[in-house]
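Anchor point for the sequence shown: position 123 equals 123 in the numbering used here, and the numbering is continuous, going up by one each time.
Don't be surprised by glycine CBs; every beta carbon is placed ideally from N, CA and C.
See structure below.
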Amino acid sequence: HMVVSFRISELQVLLGFAGRNKSGRKHELLSRALHLVKSGCNPTILMKIKELYRRRFPRKVLNSTELSMLHMQAGALPTATSLAQGAVCHLGYDSGAMPSSLPSSVLSPIPILGPKHETDIQHLSPPIHPVHPDVKMKRLPFYDVYDELIKPTTLASTSTQRFEEAHFSFALTPQQVHQILTSRDILPGAKCDYTVQVQLRFCLCETSCPQEDYFPPNLFVKVNGKLCPLPGYLPPTKNGAEPKRPNRPINISPLIRLSSTVPNNIVVNWSSEFGR
1 HMVVSFRISE LQVLLGFAGR NKSGRKHELL SRALHLVKSG CNPTILMKIK
51 ELYRRRFPRK VLNSTELSML HMQAGALPTA TSLAQGAVCH LGYDSGAMPS
101 SLPSSVLSPI PILGPKHETD IQHLSPPIHP VHPDVKMKRL PFYDVYDELI
151 KPTTLASTST QRFEEAHFSF ALTPQQVHQI LTSRDILPGA KCDYTVQVQL
201 RFCLCETSCP QEDYFPPNLF VKVNGKLCPL PGYLPPTKNG AEPKRPNRPI
251 NISPLIRLSS TVPNNIVVNW SSEFGR
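Have a look at this one:
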C-alpha cells in the first residue's frame, strides 16, 4: 500500500537507494518498486519505504520516535557578516535559498534539501552577528524544509576594509545525521549525492516579503577548511560587464561532517560595497 501511493519522485528515490534503474514512466517505476518489495527486500530498504511514506503523508499518527524524525527538516547553516551594512547569512537544513538595488544583503541559514523536506540545529556559541528571524527566504519548488540550522544573520561590515570575513559553527543532531545518510544516492560514475541536503543561502536583509537568493560580491565560502564550489559565472550580457553568478542555494552537504559530536565550521568571505 505504501509503495502504490508514491509519486514519481519517491519511486525514483527508492529505486536509486536500492541500486535499481530509476528512469522511465511512472507505471514502470512502480512495477520495479513492487517487484523489489515482493522479492524480499532487506530491512534498510523497508525503512526507506516507511521514511518516504511518512514524508508523503506526514499527518498520519506516528509514535514519538517517528515524530522526532519527521520534525527534522533539512535546515540552516551558520550565518556570516555582510558585504555591507545590513547583509544577512542564513544556513538551513533541507530535504530535498535579492535584488541588488536594496541597501543591504542577507546570508540566510543553510537548509538541507532532500527529496523535498528541511531541519533545526543549535548554535554552538552565541552569534556575534545580529540575528534576523523575521527575514524569510522564498520556498524552493520541489523541496520541503526540515529545519534551520542557523537563523538568518546579518553580514554587516565590521571595518573600513573592502574585504570582509565571518565565521560560523553548527552541529547536527543524531536524527539529522541518520536522515542525511539514509538519503544517499549513488550517481553514475560512482558519485555520491544526498536527496536530503544542507544548503547555505544568501539574500538581502528585507522583511517586507520572502526573499530570493542573492550573493554578496566576490563571495567565497569554506566549509571545514575546504573551498566550497559556487555556481559558475553567467555569460556577460555586454562587453566589459562584470561577470555574475546565478543566485541560488549552495549545497554544502558533501563538505559537512556527518557526526553529532563534531561541529562544522563555515567561513564566509565577501567584499563590501559603498552604500550596499
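Pop quiz: residue i and residue j are said to be a contact at Cβ under 8 Å. What is the actual Cβ separation, rounded to whole angstroms?
{"i": "Lys48", "j": "Thr182", "result": "6 Å"}
{"i": "Phe202", "j": "Phe220", "result": "Not confirmed; about 12 Å, so no contact."}
{"i": "Leu234", "j": "Pro243", "result": "7 Å"}
{"i": "Lys138", "j": "Gln197", "result": "No, Lys138 and Gln197 are not in contact; Cβ-Cβ is about 17 Å, not under 8 Å."}
{"i": "Val267", "j": "His167", "result": "6 Å"}
{"i": "Arg245", "j": "Leu230", "result": "6 Å"}
{"i": "Leu11", "j": "Leu30", "result": "6 Å"}
{"i": "Ser169", "j": "Asn42", "result": "The Cβ separation is near 37 Å, so there is no contact."}
{"i": "Gln179", "j": "Ile252", "result": "That pair is no contact at about 16 Å."}
{"i": "Ile45", "j": "Lys26", "result": "With 8 Å as the limit, Ile45 and Lys26 do not qualify as a contact, their Cβ atoms being about 20 Å apart."}
Along the chain, where does the beta strand (DSSP E) containing residue i start, and where does it finish?
{"i": "Val268", "result": "264 to 271"}
{"i": "Ser169", "result": "163 to 170"}
{"i": "Lys151", "result": "145 to 155"}
Note the first and the last residue of the continuous alpha helix (DSSP H) segment covering residue i.
{"i": "Pro236", "result": "Careful: Pro236 lies outside any alpha helix (DSSP H) and carries neither H nor E."}
{"i": "Pro174", "result": "174 to 181"}
{"i": "Val37", "result": "26 to 38"}
{"i": "Ile8", "result": "8 to 17"}
Counting only the same chain and skipping the five closest in sequence on each side, list residues whose C-beta sits under 7 Å from that of residue i.
{"i": "Arg20", "result": "Arg32, Leu36"}
{"i": "Asn218", "result": "Trp270, Ser271"}
{"i": "Asp213", "result": "Ala97, Arg201, Phe202, Cys203, Asn247, Arg248, Pro249"}
Looking only at its chain, what residues have a beta carbon closer than 6 Å to the beta carbon of residue i, apart from the 5 residues adjacent to it on each side?
{"i": "Gly16", "result": "Lys22, Asp185"}
Next item on the list: Output the residue ranges of the beta strand (DSSP E) runs that lie fully inside the region 186 to 234 and measure 3 residues or longer, sorted by chain position.
Entry: 191 to 194, 197 to 203, 220 to 223
Note to self: Using 8 Å as the cut-off, can you tell me whether the region 163 to 176 makes contact with the region 254 to 270, which would need three or more C-beta pairs spanning the two stretches below that distance?
What the structure shows: yes
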